[in-house]
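Protein chains: 2
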Amino acid sequence: MVTSSQGPAAECVNVPLADRSYRIEITSDAVGGFADSIIASLGDVTHVLVIADQAVEQSWANPLAAALESAERGTAGAIRVSQTSVASGETSKSIAEFERLLQWVSAEGGDRRSVIVAVGGGVIGDLAGYVAASYARGIRFVQVPTTLLAMVDSSVGGKTGINLPTAKNMVGAFWQPSLVLVDTSVLSTLPDRSYLSGLAEVIKYGVIDDAEFFDYLESHASDLVARDPKALRHAIARSCQSKASVVGEDERETSGRRAILNYGHTFAHAIESTAGYGTFLHGEAVAIGMQMAAQLAIDLGMCDATLLDRQTKLIVACGLPTTWADADPDAMLPVMMRDKKVAHGKLRFILPTRLGAVDLLGDIDEAAVRDAIVKLKK
Amino acid sequence: MVTSSQGPAAECVNVPLADRSYRIEITSDAVGGFADSIIASLGDVTHVLVIADQAVEQSWANPLAAALESAERGTAGAIRVSQTSVASGETSKSIAEFERLLQWVSAEGGDRRSVIVAVGGGVIGDLAGYVAASYARGIRFVQVPTTLLAMVDSSVGGKTGINLPTAKNMVGAFWQPSLVLVDTSVLSTLPDRSYLSGLAEVIKYGVIDDAEFFDYLESHASDLVARDPKALRHAIARSCQSKASVVGEDERETSGRRAILNYGHTFAHAIESTAGYGTFLHGEAVAIGMQMAAQLAIDLGMCDATLLDRQTKLIVACGLPTTWADADPDAMLPVMMRDKKVAHGKLRFILPTRLGAVDLLGDIDEAAVRDAIVKLKK
């Protein structure tokens, strides 16, 4: 499934979406080489617009912009590079920032052949991707994700967008990137907690789709915690491959298949919300949420207890929490009932049947959900 | 090609776009029936958001909203209807109005199954269509065009969008409607000049794509000027059919085929711009622009002079201008050079080879273009 296309130090994942297919290149110590990849993949590029998170502008966006500007292309001529930065954090996913960036692209002379390159985490990918989807009714864009979560989650799937004051991710477009460029070296400067929280989504792919990958994670957890480049490249590639196969079956979230990516997330959103946003990082809440979901599956007789045992050990080995002492079903249940995955007032969950396989279950008894929450309240 | 599906007083055009195909229903005196069409075509609709041009809110949006609200659907339950209006005119195609409408849809509890119904001309279709494309990454929308231009032009093609302060239609999406409902009775209240200007685009389809339709227009020009419902239904259906066949071959404007819809428009934009916006209505400038394009084709030996004779007579019969006494090539040429259809500083034109067929010609000599302009300066 995962093939190496650039020698031993690179992995490459194809996201198969008919005429919108694209490639994810996963390397280490290669930021200079990113310019070559962009030029090779998007042959006729003459104008690149780099939109970077201000936190990585100096370290990652500037060298990439410089390499693009100085690229030797013979008769194809030099590449003109425009560059701007965006404040870190969710508040940048606003209509005001969307408008500012559109006017900036216009002022920089952007046309249908211009290419936007997004350098940052999920916020930058979502925002810059939506600008690319909207300018001139859609121009190409390249993602350079700089957090582990963005590498294994938002770099695949084509969801772009911004927030309304009252609703997260409520405005946007499905717009696939032309290319995704991952360099694991970017992760070396991430704080520990933020880095480790990205591993929760990696573990998720093992549980929902790929038992063999789960085995790999069990035997390489310490490498991953130590940010070993080889282990990271493999884990990122397998995660992207899993997400790509799910998204390939349900690009626009119409068949329901894509819902399996929400394993642990209904609980996680209720944990984040009742703990107060900021108490847990998203990945930490996902780790606890997956524990609650696995417990619920066991209580409902859907899978045996060894799944929860192995999941618990792997989450612990990745330095993530597995329980929550303040879990309160009375506070969490109302939040879960408002979740967009609730249909007609019935709770629905993605629950594992064995490692590598999940089912979507509707109409689950509230008492069973409360029980699962209380069992993880330690 | 055009089939009647609802008895003698209705025509129906299918726009074939794979999984985004949709139907255009063209009737007269049928606004009450529009609610039935919407319910029949979008079976599971429970929430409709009507966005209307304020100029047609009372006369056309209110009755449609009332008919939707009172529709008898048995176990399917009543339809909840939300309604808002937008100020007439191009200035409503702004990011500010886009944001207001998105927040309104959210406040009205819009979800992925909600349906937006746009009642108005091109401005409303473009704006409300872009809101539909963007809310929850895309919800269904129905177009109820209320000008002749919107009926034969923007109702087919899926181009939605808004303006930046510095660039028209620079932000948007390709987003196909689920259904287009045309009632020719809406046209009865249009002022003469505005109504007649819509006929210029109708004539355009005869020249670029459909010689038989051109014959029909010659023999029914007086009926069309008198707004005869039967002639109008036929002319609208044939125009939509022509545009649908072009758009079906080139939905996202990538192959160049869609460019033939710009016949006369490179001249027209230069006429509108140098005359000062507001001097000519768009259709009036298109009429003169088609005359200049036909003249240029004759001068270049691409077609014979009878094409221009017949086109001139038909335009006159439709009450539209064929010449422009103030035409100034020195002022028009620079505008044409900035047109987005110019590639690498070479002028490109859509020029007729005979009635019903056009070619895209690049690298046309500037002197020939000047000559054609001067010949229509009468």
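Protein chains in written order, with my numbering: chain A, 10 to 387; chain B, 10 to 387.
Using N, Cα and C, we set each Cβ at its ideal position, and we do this for glycine too.
Sub-8 Å separation of residue i and residue j beta-carbons
i: A357 of chain A; j: L369 of chain A; result: Contrary to the premise, residue 357 of chain A reads as Arg rather than Ala in this sequence. In contact: R357 of chain A and L369 of chain A (Cβ atoms closer than 8 Å).
i: T156 of chain A; j: G130 of chain A; result: yes
i: I136 of chain A; j: F183 of chain A; result: It should be pointed out that residue 136 of chain A corresponds to Leu in this sequence rather than to Ile. Contact: no.
i: I269 of chain B; j: V256 of chain B; result: no
i: V124 of chain B; j: L51 of chain B; result: yes
i: Q320 of chain A; j: V189 of chain A; result: no
i: V126 of chain A; j: V59 of chain A; result: yes
i: E407 of chain A; j: V295 of chain A; result: Residue 407 of chain A lies beyond the range of chain A shown here (10 to 387); nothing can be said about it.
i: S206 of chain A; j: H291 of chain A; result: yes
i: A115 of chain A; j: T169 of chain B; result: At residue 115 of chain A the sequence reads Ser, which differs from the Ala that was named. Result no, Cβ atoms of S115 of chain A and T169 of chain B do not sit closer than 8 Å.
i: V24 of chain A; j: I35 of chain A; result: no
i: S5 of chain A; j: T263 of chain A; result: No answer is possible for residue 5 of chain A: it lies beyond the span of chain A, which begins at 10 and ends at 387.
i: M311 of chain A; j: L360 of chain A; result: yes
i: V22 of chain B; j: Q250 of chain B; result: yes
i: G181 of chain B; j: A159 of chain B; result: no
i: P154 of chain B; j: V191 of chain B; result: yes
i: R89 of chain B; j: T55 of chain B; result: yes
i: S46 of chain B; j: V161 of chain B; result: no
i: F223 of chain B; j: G365 of chain B; result: yes
i: S97 of chain B; j: A64 of chain B; result: yes
i: A414 of chain B; j: L233 of chain B; result: Residue 414 of chain B lies beyond the stretch modelled for chain B, which goes from 10 to 387, so this question has no answer here.
i: G298 of chain B; j: G273 of chain B; result: yes
Helix, strand or coil at residue i [DSSP, three-state]
i: Y31 of chain A; result: strand
i: S299 of chain A; result: Per the sequence presented here, residue 299 of chain A reads as Met, with Ser not at that position. In this structure, M299 of chain A counts as helix in the three-state DSSP scheme.
i: M10 of chain B; result: Low per-residue confidence applies at M10 of chain B: pLDDT is 38, beneath 50, and the placement is therefore not dependable, though the value from the model is reported in the following sentence. In the structure shown, M10 of chain B sits in coil (DSSP, three-state: anything other than H, G, I, E or B).
i: L73 of chain B; result: helix
i: Q250 of chain A; result: helix
i: K387 of chain B; result: coil
i: V344 of chain A; result: helix
i: V54 of chain B; result: coil
i: D192 of chain A; result: strand
i: R319 of chain B; result: helix
i: R363 of chain B; result: strand
i: S206 of chain B; result: helix
i: S97 of chain A; result: coil
i: G16 of chain A; result: Interpretation of G16 of chain A is limited by its pLDDT of 44, a score under 50 that renders its predicted location unreliable; no figure is taken from the coordinates.
i: Q92 of chain B; result: strand
i: A49 of chain B; result: helix
i: L26 of chain A; result: coil
i: D38 of chain A; result: coil
i: A381 of chain A; result: helix
i: I324 of chain B; result: helix
Rounded Cβ spacing between residue i and residue j (contact assumed at less than 8 Å)
i: L317 of chain B; j: I307 of chain B; result: 6 Å
i: A142 of chain B; j: R121 of chain B; result: Contact flag wrong, Cβ pair sits at about 13 Å.
i: V57 of chain A; j: L26 of chain A; result: So it is not a contact: roughly 23 Å between Cβ atoms.
i: R236 of chain A; j: S197 of chain A; result: 6 Å
i: Q300 of chain B; j: T332 of chain B; result: 7 Å
i: L173 of chain B; j: L111 of chain A; result: 6 Å
i: A80 of chain B; j: A44 of chain B; result: 5 Å
Where residue i meets chain B, residues with beta-carbon distance less than 9 Å
i: I245 of chain A; result: Neighbours of I245 of chain A on chain B: none; closest Cβ ~25 Å, over 9 Å.
Cross-chain neighbours of residue i in chain B, by beta carbon under 7 Å
i: A145 of chain A; result: M179
i: L173 of chain A; result: L111, Q112 and S115
i: I125 of chain A; result: Those do not exist, as I125 of chain A stays about 14 Å from chain B at its closest Cβ, beyond 7 Å.
Listed by chain order, chain B residues near residue i by CB distance under 8 Å
i: Q63 of chain A; result: By Cβ distance, chain B contributes nothing, its closest Cβ being about 23 Å from Q63 of chain A, past 8 Å.
i: I5 of chain A; result: No answer is possible for residue 5 of chain A: the residues shown for chain A start at 10 and end at 387.
i: I35 of chain A; result: Neighbours of I35 of chain A on chain B: none; closest Cβ ~27 Å, over 8 Å.
Neighbouring residues, chain A, relative to residue i (Cβ below 9 Å)
i: S91 of chain B; result: Going along chain A, no residue has its Cβ under 9 Å from S91 of chain B, so there is no contact; the nearest lies around 16 Å.
i: T55 of chain B; result: The premise fails here: T55 of chain B is roughly 12 Å from chain A at the closest Cβ pair, so nothing lies under 9 Å.
i: L110 of chain B; result: The contacting residues do not exist; L110 of chain B stays about 11 Å from chain A at best.
i: T193 of chain B; result: Near T193 of chain B there are no residues of chain A at all, since even the closest Cβ is about 30 Å away, more than 9 Å.
i: A85 of chain B; result: Simply none; closest approach about 15 Å.
Proximal residues of chain A, C-beta to C-beta of residue i below 8 Å
i: A253 of chain B; result: Near A253 of chain B there are no residues of chain A at all, since even the closest Cβ is about 19 Å away, more than 8 Å.
i: A176 of chain B; result: S115
i: A182 of chain B; result: A142, S143, R146, G147 and A182
Within chain A, the residues that residue i reaches when beta carbons sit closer than 7 Å
i: G170 of chain B; result: R146
Below-8 Å beta-carbon distance, residue i vs any chain D residue
i: I48 of chain A; result: Chain labels in this structure do not include chain D; the protein chains are A and B.
Entirely enclosed beta strand (DSSP E) segments - the stretch 99-165 of chain A, minimum 3 residues: 124-129 and 149-154
Unbroken stretches of the alpha helix (DSSP H), 4 residues or longer, contained in the stretch 254-285 of chain B: 274-284
Sequence ranges, alpha helix (DSSP H) only - wholly within the stretch 219-251 of chain A, length at least 4: 220-234
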